[in-house]
Amino acid sequence: MYASRDFHPHHRASHSHGQLRNVLAARSRNDVFYASKSRVMHTSLSCPAYTDVVLNFSGASTNPNQAGDTHVTTIAVSPATDFDGYCSDAVLVTGGLEGEYSLLNLNSTLGDRPIEGFVTVAEQKETTHVHVLTHRRTGALGAAFCSNDSKVRILDVGTNSWSAEFAYEHQINCAATSPDGRLRMIVGDTCESLITDAERGNVLFSMRQHTGYGFACAWAADGWHVATGSEDGKVVVYDARRWDMPLAALACEMSCARSLHFTTSHRGGASLVVAESDDIVSVYDAMDWHEKQTIDFFGSVVGAASVEDGQELIVANGDQTVGGLMVFERRPYIPDELDDFDHSTGVHYPSGQGLNFDDLML
1 MYASRDFHPH
11 HRASHSHGQL
21 RNVLAARSRN
31 DVFYASKSRV
41 MHTSLSCPAY
51 TDVVLNFSGA
61 STNPNQAGDT
71 HVTTIAVSPA
81 TDFDGYCSDA
91 VLVTGGLEGE
101 YSLLNLNSTL
111 GDRPIEGFVT
121 VAEQKETTHV
131 HVLTHRRTGA
141 LGAAFCSNDS
151 KVRILDVGTN
161 SWSAEFAYEH
171 QINCAATSPD
181 GRLRMIVGDT
191 CESLITDAER
201 GNVLFSMRQH
211 TGYGFACAWA
221 ADGWHVATGS
231 EDGKVVVYDA
241 RRWDMPLAAL
251 ACEMSCARSL
261 HFTTSHRGGA
271 SLVVAESDDI
281 VSVYDAMDWH
291 EKQTIDFFGS
301 VVGAASVEDG
311 QELIVANGDQ
321 TVGGLMVFER
331 RPYIPDELDD
341 FDHSTGVHYP
351 SGQGLNFDDL
361 ML
């Protein structure tokens with residue numbers, strides 16, 4: 001379970017679309033990125049007073065037919081690897097409301113100017129989601145962009161060229177690629193959740209477990225667990241080995257899931273983080289899907305991310321009055337038969353008399 005550790009009100013993320021809540025990304029606890037209006041900010045949990053503007057689109061839209069700012073709708077960052085000191089594979093990717101995208105090489109020694117372009121110039125051109133992936137054959141970094149023109153496009157990050165484009169019947173709101181790069185989950189303006197061939201784009205399986213449009217999905221690092229979130233207020237969890245038999249249907253507390261993330265569990269499995277539109281972030285234990293922690297607060301959730309193998313959870317609260325970056329720390333797992341220890345006060349309680357995190361007000 002997670003306990004509240006820090007709150008940084010001067011780091012306030014903002015979203016440009018009410019249904020798109022993925023404007024927070026973290027590569028490590030020292031590399032946290034979030035969108036604030038038309039800028040992308042960089043900070044560190046180790047030194048939260050540090051703030052750097054890594055991308056600034058204020059007053060300089062990349063669309064020649066649009067005056068004013070570029071509105072960031074989604075951001076993603078490549079995961080940290082053991083080779084970061086030897087090759088330039090650290091990249092920050094953004095998508096915009098008018099179909100814009102940008103790439104920023106975080107390891108560049110030649111300056112910090114991003115590469116900018118357009119995902120699409122179609123009438124329905126909003127970039128709804130982006131995630132970074134690794135090509136299964138070459139190991140090269142790519143970025144998968146979802147757009148309101150019903151297409152998923154794959155950008156080769158190294159060459160800044162489009163390597164694939166897949167068209168579907170409905171507007172695409174989110175996608176997640178399997179760790180081995182073979183499959184891709186797609187959700188959008190349909191009640192169906194699609195499993196597609198990640199390289200060819202064709203639909204392999206279609207699941208109809210939702211009664212509303214889908215806006216969130218995630219694929220766990222173990223390659224087995226996949227989750228989808230819909231406006232029907234449900235999160236459905238699948239086993240990639242049996243798409244016809246969902247593992248669980250999880251009900252949201254207040255609204256619907258806008259952002260889903262899998263983290264490494266303290267017991268070696270995985271946890272599923274469900275970020276709702278407002279006020280609620282829930283964490284499920286993926287061992288049986290029954291154990292659940294609800295983090296309750298006031299404000300709109302515009303993004304969530306985990307670092308340090310799930311030991312820290314970051315939630316971006318976008319409320320204009322009480323918003324900021326909320327940081328939670330995973331408490332050590334203590335068997336029930338052992339005495340309780342309240343880590344917030346340093347008080348040791350007899351077994352069964354400790355304070356539960358759900359009883360604390362954040």
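Residue numbers (UniProt numbering): 1 to 362.
Note that CB positions come from ideal geometry on N, CA and C, so glycine has one too.
For clarity, every value in this text was computed on a predicted model and none was experimentally measured.
Q) According to DSSP, what are the bridge partners of VAL315? A) ALA304, MET326.
Q. On the three-state DSSP scale, how would you describe GLU116?
A. It is a strand residue.
Q) Roughly how many angstroms separate the alpha carbons of VAL121 and GLU98, rounded to a whole number? A) Cα to Cα, the separation comes out at about 8 Å.
Q | For GLU123 and GLU329, the rounded distance between their alpha carbons | A | Separation of GLU329 and GLU123 (C-alpha to C-alpha, rounded to the nearest whole angstrom) is 43 Å.
Q: Assess, as a yes-or-no matter, whether the region 47-55 is touched by the region 235-249 under the definition of 3 or more beta carbon pairs within less than 8 Å.
A: No, because fewer than three Cβ pairs between the region 235-249 and the region 47-55 fall closer than 8 Å, the two stretches do not touch.
Q.
Assuming the contact rule is C-beta atoms closer than 8 Å, THR127 and THR74 should be a hit. Round their C-beta distance to whole Å, please.
A. Indeed, because the Cβ distance is near 6 Å, the residues count as touching under 8 Å.
Q: May I have the straight-line CA-CA distance separating SER14 from VAL54, to the nearest angstrom?
A: Between SER14 and VAL54, the alpha-carbon positions lie close to 16 Å from each other.
Q. In chain order, which continuous runs of the beta strand (DSSP E) of length 3 or greater are located wholly inside the UniProt region "Disordered" (1-20)?
A. DSSP runs (the beta strand (DSSP E)) wholly in the UniProt region "Disordered" (1-20): 2-8.
Q: Pick helix, strand or coil for LEU45, following the three-state DSSP scheme.
A: DSSP places LEU45 in coil when its eight states are reduced to three.
Q: Would you identify the three-state DSSP class for CYS146, choosing helix, strand or coil?
A: In the structure shown, CYS146 sits in a strand (DSSP, three-state: E or B).
Q) From what residue to what residue does the beta strand (DSSP E) around SER271 run? A) That run of the beta strand (DSSP E) goes 270-276.
Q. Does DSSP put ASN30 in a helix, a strand or coil?
A. Of the three classes helix, strand and coil, the one that applies to ASN30 here is coil, per DSSP.
Q) For HIS261, which of helix, strand or coil comes out of DSSP? A) Note: HIS261 maps to strand in three-state DSSP.
Q | Nearest neighbour of LEU20, chosen from MET326, ARG258, PRO179, HIS11 [CA to CA] | A | LEU20 has its Cα closest to that of ARG258, out of MET326, ARG258, PRO179, HIS11.
Q. Three-state secondary structure (DSSP) at ARG331?
A. Residue state, collapsed to three classes: coil.
Q: Go through its chain and collect everything with a Cβ distance to GLU263's Cβ below 7 Å, but skip five positions before and after it.
A: At residue 263 the sequence reads Thr, which differs from the Glu that was named. If we look at THR263 and ignore the five residues flanking it on each side, its Cβ neighbours are ALA270, SER271, VAL273, SER306, GLY310.
Q. Looking at C-alpha atoms only, which residue of LEU45, GLU291, TRP289, ILE295 is the closest neighbour of ILE280?
A. Checking every option, the nearest Cα to that of ILE280 belongs to ILE295.
(Q) By alpha-carbon positions, which one of ASP285, ARG200, LYS125 ends up nearest to HIS225? (A) That would be ASP285, whose Cα lies nearest to the Cα of HIS225.
**Q.** N-terminal and C-terminal residue of the beta strand (DSSP E) that PHE205 is part of
**A.** Per DSSP, PHE205 belongs to the beta strand (DSSP E) from 203-207.
Q: Evaluate GLU165 with the Cβ neighbour count: other Cβ atoms within 10 Å of its Cβ, from every protein chain shown; 16 or more gives buried, anything less gives exposed.
A: Exposed.
Q: Kindly indicate which three-state DSSP category TRP219 falls into: helix, strand or coil?
A: It is a strand residue.
Q. Three-state secondary structure (DSSP) at GLY139?
A. Residue state, collapsed to three classes: coil.
Q: Would you tell me roughly how many angstroms separate the C-alpha atoms of GLY212 and LEU250, rounded to the nearest one?
A: Distance between the alpha carbons of GLY212 and LEU250: 14 Å.
(Q) According to DSSP, CYS174 sits in a beta bridge with which residue or residues? (A) In DSSP, CYS174 forms a bridge with VAL187.
Q. Which residue from SER230, VAL236, TYR238 puts its Cα closest to that of residue 364?
A. The chain is shown only over 1 to 362; residue 364 falls outside these bounds and no answer can be derived.
Q.
I'd like to check one pair, SER78 with VAL91: are the Cβ atoms closer than 8 Å?
A. Yes, Cβ-Cβ distance for VAL91 and SER78 is below 8 Å.
Q | Alpha carbon of GLU199 to alpha carbon of SER150, nearest angstrom | A | GLU199 and SER150 have their alpha carbons spaced roughly 17 Å apart.
Q. Rounded to a whole number of angstroms, what is the C-alpha to C-alpha distance between ARG27 and THR43?
A. One C-alpha to the other measures close to 11 Å.
Q: Could you say which of ASP319, LEU313, TRP289, MET1 lies nearest to ASP278 if we only look at CA atoms?
A: The shortest C-alpha separation from ASP278 is found at ASP319.
Q: Starting from GLN320, follow its DSSP beta bridges and name the residues at the other end.
A: None; GLN320 has no bridge partner.
Q) Can you tell me whether PRO9 is buried or exposed, with buried defined as 16 or more other CB within 10 angstroms of its CB? A) Around the CB of PRO9, fewer than 16 other CB atoms lie within 10 Å, so the residue is classed as exposed.
Q | Collapsed DSSP secondary structure at VAL121 in the structure displayed | A | Here DSSP, grouped into helix, strand and coil, assigns VAL121 to coil.
(Q) Relative to the C-alpha of SER178, which candidate in VAL327, ASN317, HIS131 has its C-alpha closest? (A) Across the set VAL327, ASN317, HIS131, the C-alpha of HIS131 shows the shortest separation from the C-alpha of SER178.
Q) DSSP three-state call for PHE297: helix, strand or coil? A) The three-state secondary structure of PHE297, taken from DSSP, is strand.
Q: Check whether the Cβ atoms of LEU106 and ALA316 lie closer than 8 Å to each other.
A: Taking 8 Å as the Cβ cut-off, LEU106 and ALA316 do not qualify as a contacting pair.
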